[in-house]
Amino acid sequence: MNREIDIIIIGAGASGLMVASRVKNKNIMLIDTNDKIAAKILISGGGKCNVTNEVVEPSHYLGNPYFVSEVFKRFDQHDLLQWIAKRGLKPKVRTRGQYFCTKSSQELVDIFKKETKNHTILLNTKAQNVSKRDEFFYLQCDNKKSYKAKSVVVASGGLSFPILGASDIGLKIAESFGHTIRKTAPALVGFTVQKEQFFFKSLSGISMDVEIKVGDKICDGALLFAHKGISGPVVLDASLYWEKGKIEIDFLPNWSLKEHLDSKKLISSLFPIPKRVCKALLEHLEIKDRPLYQLNQNERSKLETLKNYQFAPAGNFGYSKAEVTKGGVSTDEIDSKTMMSKKADGLYFIGEVVDVTGQLGGYNFQWAFSSAYVCSQAL
Ligand SMILES: Cc1cc2nc3c(=O)[nH]c(=O)nc-3n(C[C@H](O)[C@H](O)[C@H](O)COP(=O)(O)OP(=O)(O)OC[C@H]3O[C@@H](n4cnc5c(N)ncnc54)[C@H](O)[C@@H]3O)c2cc1C
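The numbering used here numbers the first residue of the sequence shown as 1090 and each following residue consecutively.
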């Protein structure tokens, strides 16, 4: 049996909930495979959800900068903070301009619960296929039911964290309507290492500030040595830009070896990095820990490589650990003023399923909310 609805929203995550919150006078049905709404919001930002950032620009995103700026022109971080504040939540800035919920992510989820209370929310239900006949869309679900609607909003997110309901349904729907899919890959994720860097694993649990260069992008922040390789905010950001090949780490950012060549201190006492890391790096370079002034030219040159240590990661930790998915539905075939497909009237793509991916720092929720807001204005 087909049940007629105005708008079906596939995905009750960040973007789907924002659309549903904004459209009041229509018959809306939200569908999610999870047993609750907003699964990612709840666990994000260490349970406090990094909602957005003080500074949000197209340069913080992978994707077409013109498309991104067109969307933010209509709803940016200030609009988002105002929208949330009107509903009683005033996120606080912590480090690097990042806004977090004051107590917990639940505060934001409660706003969405309240705003969507008059809509139908179908949980534990998996969307399987969307087709279009005579101006109507038909959605098939795993509950063996079919739903008919005038519009469908695909807000099903990326492929990351399948444990929280992620699936490729958005990409499949896009493909079935003739959309181009930009190559997808895990992003905001740690790197696995090759044999030569296996010594990193012995430093598991240690964190230090570094700079990482990937192509012409420079990322800075904390690197965390992990059992599988390297992780931490700076590595996650670097993963956004890495495809394959070498990356370059500056283990001594804002520190110059040349200024300390006469030092009588042991290298491991002199270098402003954790002693265990320093010793492991020295061992890797086959240099004995002793005062800098005793080193010969060859050894000094080797030490200099710690300012631009190059290696090729083996890969990354994969979708099960990646915070986001880069790539997705090409923005060439979506209208930036409405988020509507240029291939099928009434079909919309928003949030992470679209080929726009932000750096760490609240940029991905901002994108999810902004693209959703723009879509809601068109519905
Ligand atoms: C651990 C973690 C922490 C994060 N922390 C932050 C952060 O602090 N700040 C930030 O900006 N970003 C963060 N992100 C990224 C952010 O969560 C996402 O970019 C954002 O949620 C994307 O919103 P969305 O609406 O596109 O997709 P989602 O929020 O992922 O919602 C998509 C929904 O669609 C549902 N779905 C998928 N397939 C189907 C199907 N076939 N049928 C029915 N339902 C389906 C899913 O269950 C899901 O609920 C984090 C991500 C992770 C994994």
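Ideal placement from N, C-alpha and C gives every residue a C-beta, glycine not left out.
Which residues share a DSSP beta bridge with threonine 1281?
As a position in the sequence shown, residue 1281 is number 192, starting the count at 1. Beta-bridge pairing links threonine 1281 to Gly1318 and Gly1404.
DSSP beta-bridge partners of arginine 1222
Taking the first residue of the sequence shown as 1, we reach residue 1222 at position 133. Partner(s): Phe1225.
Considering leucine 1392, what are the terminal residues of the alpha helix (DSSP H) in which it resides?
Along the sequence shown, one-based indexing puts residue 1392 at 303. 1386 to 1393 is the span of the alpha helix (DSSP H), which, as asked, contains leucine 1392.
Keeping to the same chain, check which residues put their C-beta closer than 7 Å to that of tyrosine 1330; ignore five residues upstream and five downstream.
Locating residue 1330 in the sequence shown gives position 241, where the first residue counts as 1. Once the five neighbours on either side are set aside, the close Cβ partners of tyrosine 1330 are Val1303, Gly1304 and Lys1306.
Please tell me whether, using a cut-off of 8 Å, the distance from the CB of aspartate 1424 to the nearest non-hydrogen atom of ligand 1 is below it.
Position 335 of the sequence shown, counting from 1, holds the residue named residue 1424. Every heavy atom of ligand 1 is 8 Å or more from the Cβ of aspartate 1424, so no.
Can you have a look at tyrosine 1462 and say buried or exposed, based on whether 16 or more other CB atoms are within 10 angstroms of its CB?
Position 373 of the sequence shown, counted from the first residue, corresponds to residue 1462. Flag for tyrosine 1462 reads buried.
Roughly how many whole angstroms lie between the Cα atoms of lysine 1179 and phenylalanine 1161?
Numbered from its first residue, the sequence shown carries residue 1179 at position 90. Numbered from its first residue, the sequence shown carries residue 1161 at position 72. Looking at the two C-alpha atoms, the distance is approximately 20 Å.
Just to check, is the beta-carbon of glutamate 1412 closer than 8 Å to a non-hydrogen atom of ligand 1?
Translated into the one-based positions of the sequence shown, residue 1412 becomes position 323. Yes.
To which residues does DSSP link glutamate 1337 through a beta bridge?
Here residue 1337 refers to the residue found at position 248 when the sequence shown is read from its first residue. Its beta-bridge partners are Lys1302 and Gln1399.
Simplified DSSP state of lysine 1179, which is helix, strand or coil:
For the purposes of this step, residue 1179 is taken as the residue at position 90 of the sequence shown. Reduced to three states, the DSSP call for lysine 1179 is coil.
Helix, strand or coil, according to DSSP, for valine 1442 in the structure here?
To locate residue 1442, count along the sequence shown from 1; it is residue 353. The answer is helix: DSSP assigns valine 1442 an H, G or I state.
Could you tell me if the beta carbon of valine 1140 falls within a distance shorter than 8 Å of some heavy atom in ligand 1?
Position 51 of the sequence shown, counting from 1, holds the residue named residue 1140. At least one heavy atom of ligand 1 is nearer than 8 Å to the Cβ of valine 1140, so yes.
Using the Cα positions of lysine 1410 and valine 1299, report the straight-line distance between them to the nearest angstrom.
As a first step, residue 1410 must be located in the sequence shown, where it is residue number 321. As a first step, residue 1299 must be located in the sequence shown, where it is residue number 210. Going by the C-alpha atoms only, they are around 22 Å apart.
Within 8 Å: the Cβ of leucine 1253 and any heavy atom of ligand 1?
Sequence index remark: in the sequence shown, residue 1253 carries index 164 (1-based). Yes; taking the cut-off as 8 Å, the Cβ of leucine 1253 has a heavy atom of ligand 1 nearer than that.
Excluding the 5 residues preceding and the 5 following methionine 1297 in the sequence, name in chain order all residues of the same chain whose CB lies nearer than 8 Å to its CB.
Within the sequence shown, numbered from 1, the residue matching residue 1297 stands at position 208. Ala1311, Leu1312, Phe1340, Ile1362, Pro1363 and Val1366, listed in sequence order.
Where do the ends of the beta strand (DSSP E) carrying valine 1157 lie?
For the purposes of this step, residue 1157 is taken as the residue at position 68 of the sequence shown. Valine 1157 -> not in any beta strand (DSSP E); alpha helix (DSSP H) instead, spanning 1154 to 1163.
Tell me the DSSP secondary structure of methionine 1090 in three-state form.
Here residue 1090 is taken as the residue at index 1 of the sequence shown, counted from 1. Summary for methionine 1090: the model assigns pLDDT 48, below 50, so the residue's position carries little reliability; its value from the coordinates is reported in the next sentence. Coil.
Can you check which of these residues, Val1241, Ala1276, Asp1231 and Val1242, is closest to leucine 1248 by C-alpha distance?
Along the sequence shown, one-based indexing puts residue 1248 at 159. It is Ala1276 whose Cα lies nearest to the Cα of leucine 1248.
Would you mind giving the Cβ-Cβ distance between histidine 1349 and leucine 1392, rounded to the nearest angstrom? I have them listed as a contact below 8 Å.
Within the sequence shown, the letter at position 260 stands for residue 1349. Within the sequence shown, the letter at position 303 stands for residue 1392. Contact flag wrong, Cβ pair sits at about 10 Å.
Can you tell me the Cα-Cα spacing of threonine 1273 and threonine 1191, whole angstroms?
Taking the first residue of the sequence shown as 1, we reach residue 1273 at position 184. Taking the first residue of the sequence shown as 1, we reach residue 1191 at position 102. Rounded to the nearest angstrom, the two C-alpha atoms are 34 Å apart.
For methionine 1107, name the three-state secondary structure that DSSP assigns.
Taking the sequence shown and counting its residues from 1, the one referred to as residue 1107 is at position 18. Helix, per DSSP.
Cβ-based neighbour list, histidine 1373, same chain, cut-off 6 Å, excluding 5 preceding and 5 following:
On the sequence shown, residue 1373 is found 284 positions in, with the first residue counted as 1. Answer for histidine 1373: Phe1288, listed in chain order.
Simplified DSSP assignment, three categories, for glycine 1447
The residue given as residue 1447 occupies position 358 in the sequence shown. Glycine 1447: strand per DSSP, three-state reduction.
Residues near methionine 1090 by beta carbon distance below 8 Å, same chain, minus five either side:
On the sequence shown, position 1 is the one that residue 1090 refers to. Reliability of the predicted coordinates at methionine 1090 is poor, the pLDDT of 48 falling under 50, and the value obtained from them is presented with this limitation in mind. If we look at methionine 1090 and ignore the five residues flanking it on each side, its Cβ neighbours are Lys1234 and Ser1235.
With distances taken Cα to Cα, identify the nearest neighbour of glycine 1105 among Gly1447, Gly1259 and Gly1407.
The residue you call residue 1105 lines up with position 16 of the sequence shown. Ranking Gly1447, Gly1259 and Gly1407 by Cα distance to glycine 1105 puts Gly1259 first.
Whether leucine 1325 touches glycine 1279 by CB criterion (9 Å)
On the sequence shown, residue 1325 is found 236 positions in, with the first residue counted as 1. On the sequence shown, residue 1279 is found 190 positions in, with the first residue counted as 1. Against a cut-off of 9 Å, the Cβ pair of glycine 1279 and leucine 1325 comes out as a contact.
Alanine 1216: beta carbon under 8 Å from a heavy atom of ligand 1?
Sequence index remark: in the sequence shown, residue 1216 carries index 127 (1-based). Because some heavy atom of ligand 1 lies under 8 Å away, the Cβ of alanine 1216 counts as near it: yes.
By the three-class DSSP mapping on this structure, what secondary structure does arginine 1365 have?
Reading the sequence shown from its first residue, position 276 is the one you call residue 1365. Three-state DSSP puts arginine 1365 in a helix.
In chain order, what residues of the same chain have a beta carbon less than 8 Å from the beta carbon of arginine 1163, not counting five sequence neighbours either side?
By 1-based counting over the sequence shown, the position of residue 1163 is 74. The residues are Lys1426, Ser1459, Tyr1462, Val1463 and Gln1466.
What are the boundary residues of the alpha helix (DSSP H) that tyrosine 1048 is part of?
Only positions 1090 to 1468 of the chain appear in the structure, and residue 1048 is not among them; the question remains open.
Here's the rule I'm using: 16 or more other beta-carbon atoms within 10 Å means buried, otherwise exposed. How should phenylalanine 1386 be labelled?
Along the sequence shown, read from residue 1 onward, the residue named residue 1386 stands at position 297. Here residue 1386 is glutamine; the residue named in the question, phenylalanine, does not match the sequence. When all chains shown are included, glutamine 1386 counts as exposed.
Do you know offhand how far glutamine 1187's Cα is from valine 1157's?
Against the sequence shown, residue 1187 aligns to sequence position 98. Against the sequence shown, residue 1157 aligns to sequence position 68. So the two alpha carbons sit approximately 19 Å from each other.
Around the C-beta of isoleucine 1319, are 16 or more other C-beta atoms found within 10 angstroms, so that it is buried, or is it exposed?
Against the sequence shown, residue 1319 aligns to sequence position 230. Flag for isoleucine 1319 reads buried.
So what's isoleucine 1117 in DSSP terms, helix, strand or just coil?
The residue you call residue 1117 lines up with position 28 of the sequence shown. Residue state, collapsed to three classes: strand.
Less than 8 Å separating the Cβ of isoleucine 1356 from some heavy atom of ligand 1?
The sequence position of residue 1356 within the sequence shown is 267, counting from 1. Because no heavy atom of ligand 1 lies under 8 Å away, the Cβ of isoleucine 1356 does not count as near it: no.
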